[in-house]
Each structure stands twice: as structure tokens, then as C-alpha cells.
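Structure first, then comments.
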Amino acid sequence: MRELIIDGTRIGDDRPAYVIAEIGHNHGGDLTKAKSMVLTAKAMGASAVKFQTRYPDHTYARGTEPGAFDFVSDNPQWMDPVYGRHRWALEFSESEWQELFDYCRNTGITAFSTPFDHRSADMLNRLDVPAFKIASGDATNIPLIRHVAAFGKPMLISTGGCSMADIHRIEDQIANSSMLHGHRIPYAILQCSCVYPAPSDTLNLRVIETYRKAFPDIVIGLSSHNPNWYGSLAAYALGARIFEHHYTNDRSWKGTDNPFSLTPKSLVEFISALESVRHAMGSPNKQVLDQERLPAQERRKKLVWTRDLAAGERIGELDIMAKCPGNGVPPYLTDLFTGMKLVKDVKAEEDVAWEDVGESANDDRGASE
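Numbered as in the numbering used here, the sequence shown ends at 370 without a single skipped number.
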């Protein structure tokens with residue numbers, strides 16, 4: 002059975018979707034804003050909130066190319082034109098992180114974070130987060146994955162920009178870590194597109210099917226950077242059970258991902274839609290539901306006589322008609338009556354019955370369905 006337990010909540014194919022409101026750095030380094038997003042995410046029904054944690058000096062190499070510490074941009078979401086300084090402006094101190102996680106616990110919502118370096122991972126472990134997220138950018142960072150796996154807590158691993166070889170490398174590393182530490186390291190794999198924001202045609206949701214076949218014991222999810230949640234409903238139908246969407250109280254705020262994040266209104270709509278889809282999925286077994294027996298009978302048809310006939314007459318094709326409701330002999334048995342002789346008189350609009358042709362009323366052929 003594929004399942005993952007985070008902070009006491011079991012996630013599996015037979016469970017409701019686990020929805021993570023990815024606050025990330027949308028708080029812009031403002032603890033009050035972070036708490037306000039925690040509060041609304043909880044009120045809208047999120048299963049958990051997630052943040053991002055970096056020591057930028059440990060995460061970004063010096064240099065001026067995109068992604069490096071000294072890269073310069075006029076990005077309106079940035080807190081500083083120099084990328085590394087922008088990232089520092091978004092970070093909380095350890096005492097602030099402690100305050101924020103305590104606030105989440107007191108609010109009654111699970112909270113964890115994505116460490117982007119070993120030092121951040123160690124701090125989050127000291128703060129006793131119940132799970133860790135590995136970002137797509139670190140899916141090939143086996144040293145960090147190995148380091149986090151050593152904590153023995155659930156790991157959610159995004160796979161944007163990865164090949165299947167990369168995913169199997171992750172699988173092998175976690176298996177090795179499990180053997181080393183003498184117990185299974187729990188983890189989930191999340192399909193992801195490494196595009197920000199991610200247009201619908203980059204989501205590649207059918208990879209979820211591939212993951213489910215390749216990893217039959219692992220919970221599969223979706224980390225989405227799409228500005229809406231429509232594709233995530235399809236992901237649920239394909240077998241995803243963990244959903245991470247960027248989240249904000251206000252798309253106009255500065256931070257990092259606010260412009261394409263879900264808002265409180267869209268988050269609650271998403272969670273409601275997921276529940277509807279979960280119930281609508283139902284069972285793979287095609288059978289008559291108890292709820293549909295009466296309406297099906299009302300809409301289906303039974304066989305009735307079209308005219309008065311006397312005993313001894315042979316039944317012709319035009320002597321029988323199918324009419325509602327379907328509380329008699331079903332129309333698919335019409336051919337069994339055609340050509341037979343009546344053993345009793347019948348009248349127009351009466352129900353056709355097996356007794357009319359001398360057959361037992363208990364004959365299975367005559368039972369209405």
C-alpha cells in the first residue's frame with residue numbers, strides 16, 4: 002500500500018488530497034505577513050503550509066550570471082536588485098523561524114519548509130519540523146538529499162527539470178539511506194514543471210501515471226506553479242494525492258511568487274473541487290448503485306401489448322412495444338416472445354408476462370433489472 006504520514010495525517014490513494022499552501026517567500030521577509038497567510042490558509046482548509054529556508058551565502062555562488070549571488074535584475078518582485086541580497090532580505094532569523102513554527106502549531110496547521118542548503122536543513126531539524134521538502138533544483142543534489150534523509154522524517158521531492166534517470170537516482174539514494182539507518186525513509190515524488198509561472202502545456206501531468214507505475218509503493222503528487230488549479234483536478238484523477246500550490250493573501254505583494262499564487266478565494270475553491278472529484282471518482286467496478294435503482298426503473302422501459310389478442314394467436318413483431326417505466330419484462334427479451342403462441346387472452350397496454358405464453362413467472366429471463 003502506498004502511503005505517507007506527515008504530522009499524524011495519513012496520505013494515500015484512498016484518502017482526501019493533501020493540499021500544501023506554499024507560502025515560500027511570498028511574505029517578503031515580513032513575519033506578520035507570513036502569519037497572516039498561515040491564518041487564511043488554515044481557514045481555507047489547507048492541510049499544511051510550507052516555507053523556503055536559505056542561507057544565501059551557502060546556496061548561491063559568487064558571479065553575475067542568472068542564478069548567481071551577484072546577478073542584477075530590475076525584477077519588481079525583488080527586495081534588492083542584487084539577487085543574493087534580495088534573498089537575504091527574505092530570510093528570517095532562527096528565533097523568528099521558531100516563532101513562526103510555534104504560531105503554526107498554535108493555529109493548528111502543519112508547517113514545514115524547503116531547505117536549500119545543509120545549514121538550513123540543520124536549523125529546520127533543530128526546530129523539529131515534521132517533514133522536509135526538496136526543491137526541484139536540488140533533485141540532483143544527492144549530498145543534500147542524503148543529509149536530509151538522515152533526519153528520518155518524511156521528504157517530499159519535486160522533480161522539475163528531471164529525467165527518469167534522475168528520479169531513479171533519488172530512489173537509489175533513499176534506499177541506501179534507509180539501509181544505512183536501519184529503517185525506511187518515508188518520501189513522496191512530486192511531478193513538477195521548472196517554469197515560473199508554468200503554462201498549462203508545461204505541466205505534463207501524465208508523468209504522474211509513469212511515476213505510479215515505476216514506484217508502486219510511493220505516494221505521488223504535484224507541485225504546481227500554474228496560476229490556477231484546473232490542471233490539478235486532472236492530476237488527482239491520474240493518481241496524485243499531494244498538491245503544492247504557491248499561496249498568498251495578495252498577488253500584488255512583493256516577495257518572489259505572489260503574482261501566480263493562489264489566493265484565499267481560489268484555494269478554498271480548489272479544495273472544494275478536489276473533494277468533489279474525489280467523491281465523483283467512485284469505484285472502478287461497474288454496477289447498479291442503490292441510489293440509481295428507482296430513477297433507472299423510471300427511465301427504462303418494459304414490454305407491453307399494443308392490441309388485444311386472444312389465446313392461441315401467434316405473437317408478431319408489432320404486437321409488442323417498449324414503454325416506461327421499466328418495472329416489467331425488459332425490451333432486450335422481445336425476440337423471445339416474437340413467434341410464440343399466447344396461452345391466454347391479453348389486452349392492449351397490459352404488461353407482457355411470461356405467463357401469457359405459458360412460461361413460469363420465476364423464469365430468470367423474465368425478471369426485470
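Using N, Cα and C, we set each Cβ at its ideal position, and we do this for glycine too.
Quantities reported herein were computed from a predicted structural model and do not represent experimental measurements.
Check whether residue i and residue j have beta carbons under 8 Å apart
i	j	result
Arg3	Ile219	yes
Phe152	Ile190	no
Met156	Ile143	no
Ile12	Ala49	no
Gly232	Ser201	yes
Leu32	Phe93	yes
Pro108	Asn250	At residue 108 the sequence reads Thr, which differs from the Pro that was named. Result no, Cβ atoms of Thr108 and Asn250 do not sit closer than 8 Å.
Gly85	Tyr61	yes
Ala235	Ile221	no
Ala323	Lys345	no
Ser267	Asn229	yes
Lys1	Gly29	No answer is possible for residue 1: it lies beyond the span of the chain, which begins at 2 and ends at 370.
Glu245	Ser225	yes
Cys105	Val39	yes
Thr141	Asp103	no
Identity of the residue in the options nearest residue i by Cα
i	options	result
Ala18	Thr307, Arg315, Arg63, Ser277	Ser277
Trp306	Glu210, Asp251, Gly317	Gly317
Lys34	Asn229, Ala132, Asn259	Asn259
Arg294	Gln99, Asn328, His280	Asn328
His26	Val20, His119, Tyr188, His87	His87
Thr10	Ile243, Tyr61, Val83, Ser74	Ile243
Ser137	Ser273, Arg279, Glu299, Ser164	Ser164
Val353	Leu304, Asp14, Arg170	Leu304
Thr257	Lys43, Ala44, Asp81, Pro332	Asp81
Lys154	Leu319, Leu181, Glu172, Ile186	Ile186
Ser96	Arg120, Val83, Met124, Thr115	Met124
Asn227	Lys214, Arg213, Asn205, Tyr212	Asn205
Alpha-carbon to alpha-carbon, residue j and residue i
i	j	result
Gln78	Ile6	35 Å
Leu371	Glu360	Residue numbering for the chain in the displayed model covers 2 to 370; residue 371 lies beyond these limits and cannot be assessed.
Met282	Leu334	33 Å
Ala22	Phe113	11 Å
Val20	Ser262	14 Å
Gly313	Met341	9 Å
Leu128	Glu100	10 Å
Pro326	Leu343	24 Å
Asn177	Cys195	27 Å
Ala368	Pro131	Caution is warranted here: a pLDDT of 46 is assigned to Ala368, below 50, making its placement in the model unreliable, and no coordinate value can be reported.
Glu270	Trp98	30 Å
Ser159	Thr203	15 Å
Trp355	Leu337	10 Å
Asp139	Trp89	19 Å
Pro296	Leu290	11 Å
Asp364	Val330	Here the model assigns Asp364 a pLDDT of 49, short of 50, so the residue's position is not dependable, and the following value carries that caveat. Cα to Cα, Asp364 sits roughly 11 Å from Val330.
Asp14	Ala199	26 Å
Tyr248	Pro265	8 Å
His59	Ala122	12 Å
Glu351	Ala274	48 Å
Asp75	Arg252	18 Å
His169	Arg300	53 Å
Ala362	Asn286	A caution first: Ala362 carries a pLDDT of 49, below 50, which makes its placement in the model unreliable, though a value can still be read off. Taking the straight line from one Cα to the other gives about 31 Å.
Tyr391	Lys36	Because the chain here runs from 2 to 370, residue 391 falls outside it and cannot be looked at.
Lys374	Asp8	Within the shown structure, residues of the chain are numbered from 2 to 370, placing residue 374 beyond reach of any answer.
Thr373	Asn126	Within the shown structure, residues of the chain are numbered from 2 to 370, placing residue 373 beyond reach of any answer.
For residue j and residue i, believed in contact at Cβ under 8 Å, the rounded distance
i	j	result
Phe52	Ile24	6 Å
Leu223	Gln192	5 Å
Arg55	Phe117	4 Å
Ala349	Arg315	No, Ala349 and Arg315 are not in contact; Cβ-Cβ is about 17 Å, not under 8 Å.
Leu239	Arg279	That belief does not hold up - the Cβ atoms of Leu239 and Arg279 are roughly 13 Å apart, past 8 Å.
Extent of the continuous beta strand (DSSP E) to which residue i belongs
i	result
Phe271	It is not in any beta strand (DSSP E) - Phe271 instead sits in the alpha helix (DSSP H) that spans 265-282.
Met341	No beta strand (DSSP E) contains Met341, which DSSP labels as neither H nor E.
Ser373	Outside the shown range of the chain, which is 2 to 370, sits residue 373, and nothing can be said about it.
Trp306	303-306
Asn116	For the record, residue 116 in the displayed sequence is Pro; it is not Asn. Run containing Pro116: 111-116, per the beta strand (DSSP E) assignment.
Glu314	No beta strand (DSSP E) contains Glu314, which DSSP labels as neither H nor E.
Gly25	19-25
Leu157	156-159
Val50	49-54
Ala238	Not the beta strand (DSSP E): Ala238 falls in the alpha helix (DSSP H), residues 231-239.
Thr10	10-13
Glu97	Note, Glu97: premise wrong, no beta strand (DSSP E); alpha helix (DSSP H) at 95-108.
Lys134	133-135
Host alpha helix (DSSP H) of residue i (start-end)
i	result
Cys195	Taken as a continuous stretch (DSSP letters only), Cys195 belongs to no alpha helix (DSSP H), as it is neither H nor E.
Ile175	165-182
Ile146	143-150
Thr60	57-60
Leu5	No alpha helix (DSSP H) holds Leu5; the beta strand (DSSP E) holding it covers 4-7.
Lys214	208-215
His119	119-127
Cutoff 8 Å: residue i Cβ touching any chain C Cβ
i	result
Asp320	In the structure shown, chain C does not exist; there is a single protein chain.
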